[in-house]
Every structure is written in structure tokens, then in C-alpha cells.
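Residue numbers (the working numbering), protein chains in the order written: chain A, 12 to 241; chain B, 185 to 558. All residues carry an ideal CB built from backbone N, CA and C; glycine is no exception.
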């Protein structure tokens, strides 16, 4: 038992956490402007962009993974560009995994942010401007506090959804130990070789982690709601 | 000397703001107009929150907007204090943080307590906006706008978020604060009483166009056109069909004025308290329709023979004949105002339509009334 624990490789856990964290950071940077634009535009393109960002919600991960593989693969446009820039292929690499995860989890970050941007008090932004606050200061002190519930939801959903992804990772990242093998795939592999004990350990760990995070998030959200500050 | 010069054109969907104003260096200027007339858009232009397609805005020597030279000073650089409708307080900050938002930390330390004291809200320093009453919110918004010592203070319907019983008291408080300011104040409202109470100058805005700008007594007593008079609360309008010297004729009868009306006189107007009943010179026939008890006065609704409705006011204890009886009315010439047709073509159409609606309504209600009496 002790020997099994000692020998159990925790690399997939570490990779999963890295992928999830990096994906959330990238998605906040990409998703914020998209969500802001969707919340405020009157353009006819809005419906199109909204539909495209929601696509990963309904598409089977294998379909998404398949097209991402074609796009990121050595013959795909992104893959070729990446090879010419870095000299290494994008598919079945850690970087490729991050890009695929961003596409996969995009709606989970954009939608809560968009909802927050839509309901926030726009005049408070203008009030801040007339009081001399720069756009950056306004973003930091007026916008962020008002959307913080949506922001928290976006971060947690984005993180959790990336942590649990399977189909897309398998298609795009493959199952390279120490590079692209994430928790869900490691569990799948353990079950396949009938190593139920290790599968249990990882699964229970993931279960507890997810539960605790969601518990804290709901608690914090409720607290913020009580303060009527969000 | 005029310190603020505005001449802007802004077109959006089906609305156009097209306004030219010279604002006096000091005092409270109130822009009065129905909702949707472009008052708030005008304020937003001044604050730098709108980008007019054409125009110039100058404050003293500095140019805030000049579309010919593509000059646009952003709101951050204009130093304009704005009290928004509903106040737009920062809900996640307490009163102290709200008031000090426009200052750096060092300035805020000394000036926030000073301004909280000035507006008598020291005891609210640590409260959050949702814990404040409407009047307290207004004062926080005022302190927040004034603490940066703006060159111009803009007030957008500052009382619209309040219950009516609070308005009178808050009007006095607001007057006390803004009458001591050295910078000019521009306020927009659709409320006649607010305008009358607070204004040193009143402008009337209708359909995006500023119709006039003058001292309140002049504006209120001498409206130039029908649409301006309506905004100012005038209700009794008599159409003019033909003019012969001093004599004005129409379907409701005729009247001899003190002086010859100008050729474009289209309407006569008179205030409800100035119409006399059954006097020696009374000559206009009117049917008394109903008597209503209002605040300290009795209001009588009459109908002239051409269907025009007139409203008369008398002290609360004045006696009247019964509804349905006929009266003779006198319009004292010194109280009659001669009005042009509407100034802006858009409102002209609108008012013609309104008049048609009113006439149609009067005809139907008249029929009903006749049926009832029958």
C-alpha cells in the first residue's frame, strides 16, 4: 500500500493543474474583450459571434478535437505557422493542449463575463471618467468590483471544465506521459489496465477538489450577494 | 462675459440635437423640456460623454470640442462635475470612498472630511450607498462632484429619483449649496417647479432645439410660441383665424386686443387665474363642464362654442353655477399673450396631431356629456 502510494506518479495531476491555470489566464485575456463587445455591440455580427463562442458547449468533444487536430496538425495552418516559428510541432504538445483547451472552455468564461457586463451600471463608468479616472483606473476600481461575481464564476467554471476535459485532450494532446497526459486520461488508462486502486485515488482526489472549490465559490458568491455589492 | 459656448449638432436614429447656448459665467441655468427633448444628451455632450458630429464647445479660453479641427477633450480632462440622474454612486464603495474618488489619496485625506461636513453627511462616511435615503444619496453625489472643484457643474434631473414629499425640502437644500458656488451650474429637468425655484436663467428645449433663454419671469410670463407655452404649463390656448387691426376673430368669438398682434400670431394664451366670469365686459360664451377641488383652489373646466377647452382657477371657496350652465367669459387684455405657431417644424406636426386628438376626444366626451344630461 505504502509502496503503491510512493510509486504513484502525480505528474498527470501537475500537468492538469498547469493546463487549467494557463487556460484560464489566456481565456480571461481573450474572453474579456469578446464578452465586453458582445455585451455592448449593436452590430449584426453579434449573433454570429455569440453562436460561434457557444459552439463548444454543444459540439461533441471528439468533433471539436478532430477539427482542432486538423487545424493544429503539421499540415494545418496553425500547425505550419507554429513549426516555422518554433521548429517543433503543435499537435500532441503542451502548447497545443493549451490552445485546444482555450477553444473548448471559451463559452464557460465568456458567458458569465458577458452577463456581468450586461447588468453592470454603465453610468458608474462614466461617473468615474468625469471624476478624472483613466480607463485603466476605471477598469480596476469600478468595473472589476462590479463584475466580480461573474469573474469568479468564469474563473472557476473555466478551470473546472478544463480540468475535466477528456475528448479534446485525447484528440489533440494524445497521451504522452509527462507532456500531455492529464488526470482524466491517466484515470482512463489506469482503468484500462485494471489498476482500480490508483484510479480510485486520482478520482477521489479530483472529486474532493472539485467539490471543495465549488463549495467555496458558492459560499463567497452568497456572501457577496448578501453585501449587495456585486 | 460668457464663459461657456456650445454649438453642437448630434444626430442619432430618429433624434437630432441642434443647439447653441451661451452660458453665463455664474449662476444656475435650467434647461426645461419634455422628456426625450435632448436635455440629457446636451449635458452628456458637455461632459464629454457624447461625440457630436458637428460643433464647438468652448470653456473660457480652452476648446473642449471642435469637430473642424478634430479636437475632442476626453471627460477625464474637462474637469466637469456631474450629478447623474439616480446619482450613479459607486455601490461597492462607502460614502467616504465615493466622495474621495476624484482625488489622490493625500488630497482625499484632508478634503473628504471637509466636504462631508459641508454637505452635513459626516455621520454617513462609512455607510454604503444602498444604506442611504434618496436625499442622502443626492448629497453624496453632490459632494463627489464638487470636491474636485470643477469648472462647471451639471445636474441631470436631480430630483427625479425622489418621492414628491421630499422634493420641496431637498430643493431648498440644493439651492443653499449651489447658490454659493462660484462656477456656473447647468441643470436639466422636466419639472416646472424645480426650474422656477432654482433657476437664474431658464432655457426651453423642444425636440433637440433650444427655443429661448431668459430670466425665469420673462420666460414664464411671455412665452413666444405654442410649444414653448405648453412646456411652461400654459393650458388655455385660443386659435386665431383672422386679424383685423386689433381685433382677432375665430370660431369661438372675437376679441379686441390692446395692441395690434403681429402677423404670425396663431394662438392667444391666458392663465387659468386671469379669466373673469360674468363681468360687465364678458362676451365669450362658454359652457361650464365641471368643477374640481385642487390644492387650495377650485378649477373649472369650460367649453367654448367651437369646442376649445378652457381652465379657470378660483379660490377654494368661490361659488359657481352648476355644470351644464352657460357663462360669459372675459379675457383681460393685459393678461393675453400672443403666440406664434410652433418654432420647430417637427413639434409643429406633433402639436397639430395632438390638437386633432384633443378635438376628437372633446367631441366624443361632449357627446357623452350630452347623452348624460339628456
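Less than 8 Å between C-beta atoms, sequence neighbours within five positions excluded: which residues of the same chain meet that for residue i?
| i | result |
| --- | --- |
| residue 531 (chain B) | Legend: pLDDT at residue 531 (chain B) = 49, less than 50; position of this residue unreliable, value from coordinates given subsequently. Excluding residues within five positions, the ones whose Cβ falls inside 8 Å are 390, 391 and 411. |
| residue 533 (chain B) | Here the model assigns residue 533 (chain B) a pLDDT of 49, short of 50, so the residue's position is not dependable, and the following value carries that caveat. Correct list: empty, nothing qualifies. |
| residue 230 (chain A) | none |
| residue 285 (chain B) | 274, 277 and 328 |
| residue 129 (chain A) | 50 |
| residue 25 (chain A) | none |
| residue 304 (chain B) | 323 |
| residue 237 (chain B) | 193, 194, 195 and 251 |
So with CB distances below 7 Å, who are the chain B contacts of residue i?
| i | result |
| --- | --- |
| residue 134 (chain A) | 268 and 272 |
| residue 156 (chain A) | 276 |
| residue 153 (chain A) | 274 |
So residue i packs on residue j, CB below 8 Å; how close in whole Å?
| i | j | result |
| --- | --- | --- |
| residue 385 (chain B) | residue 399 (chain B) | 6 Å |
| residue 523 (chain B) | residue 466 (chain B) | Going by Cβ atoms, the distance from residue 523 (chain B) to residue 466 (chain B) rounds to 23 Å, so no, they are not a contact pair. |
| residue 512 (chain B) | residue 462 (chain B) | 5 Å |
| residue 436 (chain B) | residue 492 (chain B) | 5 Å |
| residue 258 (chain B) | residue 232 (chain B) | 6 Å |
| residue 175 (chain A) | residue 38 (chain A) | 15 Å between Cβ atoms; not a contact. |
| residue 45 (chain A) | residue 121 (chain A) | 5 Å |
Take residue i as the anchor and find which of the options has the nearest alpha-carbon.
| i | options | result |
| --- | --- | --- |
| residue 182 (chain A) | A:89, A:164 and A:71 | A:71 |
| residue 105 (chain A) | A:237, A:224, A:193 and A:206 | A:193 |
| residue 132 (chain A) | A:153, A:67 and A:228 | A:153 |
| residue 235 (chain B) | B:442, B:462 and B:193 | B:193 |
| residue 496 (chain B) | B:460, B:469 and B:517 | B:460 |
| residue 228 (chain B) | B:317, B:372, B:351 and B:213 | B:372 |
| residue 205 (chain B) | B:214, B:344 and B:339 | B:214 |
| residue 488 (chain B) | B:422, B:499 and B:517 | B:422 |
| residue 339 (chain B) | B:225, B:518, B:268 and B:195 | B:268 |
| residue 378 (chain B) | B:191, B:212, B:454 and B:409 | B:212 |
| residue 453 (chain B) | B:309, B:337 and B:519 | B:519 |
| residue 300 (chain B) | B:221, B:241 and B:283 | B:283 |
| residue 263 (chain B) | B:292, B:419, B:330 and B:504 | B:330 |
| residue 125 (chain A) | A:142, A:158, A:95 and A:146 | A:158 |
| residue 361 (chain B) | B:344, B:382, B:347 and B:341 | B:382 |
| residue 79 (chain A) | A:208, A:118, A:221 and A:107 | A:107 |
| residue 413 (chain B) | B:200, B:187 and B:218 | B:218 |
| residue 427 (chain B) | B:506, B:406 and B:446 | B:446 |
| residue 468 (chain B) | B:509, B:514 and B:456 | B:514 |
Apart from the five residues just before and just after residue i, which ones in its own chain have a Cβ nearer than 6 Å to its Cβ?
| i | result |
| --- | --- |
| residue 85 (chain A) | 100 |
| residue 20 (chain A) | none |
| residue 93 (chain A) | 101 |
| residue 179 (chain A) | 72, 75, 76, 111 and 115 |
| residue 430 (chain B) | 440, 441 and 444 |
| residue 232 (chain A) | 160 |
| residue 242 (chain B) | 189 |
| residue 498 (chain B) | 482 |
If you drop the 5 nearest sequence neighbours on each side, which residues of the same chain put their C-beta closer than 7 Å to that of residue i?
| i | result |
| --- | --- |
| residue 103 (chain A) | 184, 185, 187 and 191 |
| residue 89 (chain A) | 82, 83 and 101 |
| residue 350 (chain B) | 318 and 319 |
| residue 417 (chain B) | 376 |
Tell me where the beta strand (DSSP E) around residue i begins and ends.
| i | result |
| --- | --- |
| residue 239 (chain B) | 238 to 243 |
| residue 514 (chain B) | 510 to 514 |
| residue 386 (chain B) | 385 to 390 |
| residue 199 (chain B) | 199 to 208 |
| residue 524 (chain B) | 521 to 524 |
| residue 265 (chain B) | 264 to 267 |
I want to verify the contact list: residues of chain A whose CB lies under 8 Å from the CB of residue i, in sequence order.
| i | result |
| --- | --- |
| residue 259 (chain B) | 137, 140 and 141 |
| residue 264 (chain B) | 141 |
| residue 286 (chain B) | 142, 143 and 144 |
| residue 485 (chain B) | Those within 8 Å of residue 485 (chain B) in chain A number zero; the least Cβ separation is about 42 Å. |
For residue i, report the span of its alpha helix (DSSP H) as first-last.
| i | result |
| --- | --- |
| residue 207 (chain A) | 207 to 237 |
| residue 164 (chain A) | 159 to 174 |
| residue 282 (chain B) | 279 to 284 |
| residue 47 (chain A) | 22 to 51 |
| residue 493 (chain B) | Here residue 493 (chain B) belongs to no alpha helix (DSSP H); instead the beta strand (DSSP E) covers 493 to 499. |
| residue 296 (chain B) | 289 to 302 |
| residue 122 (chain A) | 105 to 130 |
| residue 376 (chain B) | 376 to 382 |
| residue 443 (chain B) | First-last for residue 443 (chain B): undefined, no H or E at that position. |
Who are the neighbours of residue i on chain A, taking C-beta pairs under 7 Å?
| i | result |
| --- | --- |
| residue 231 (chain B) | 141 |
| residue 332 (chain B) | 142 and 143 |
For a contact meaning CB atoms closer than 9 Å, what does residue i contact in chain A?
| i | result |
| --- | --- |
| residue 323 (chain B) | Result: empty, since nearest Cβ-Cβ is about 15 Å, beyond 9 Å. |
| residue 328 (chain B) | 138 and 142 |
| residue 492 (chain B) | Simply none; closest approach about 44 Å. |
Any beta carbon of chain D sitting closer than 7 Å to that of residue i?
| i | result |
| --- | --- |
| residue 32 (chain A) | No chain D is part of this structure, whose protein chains are labelled A and B. |
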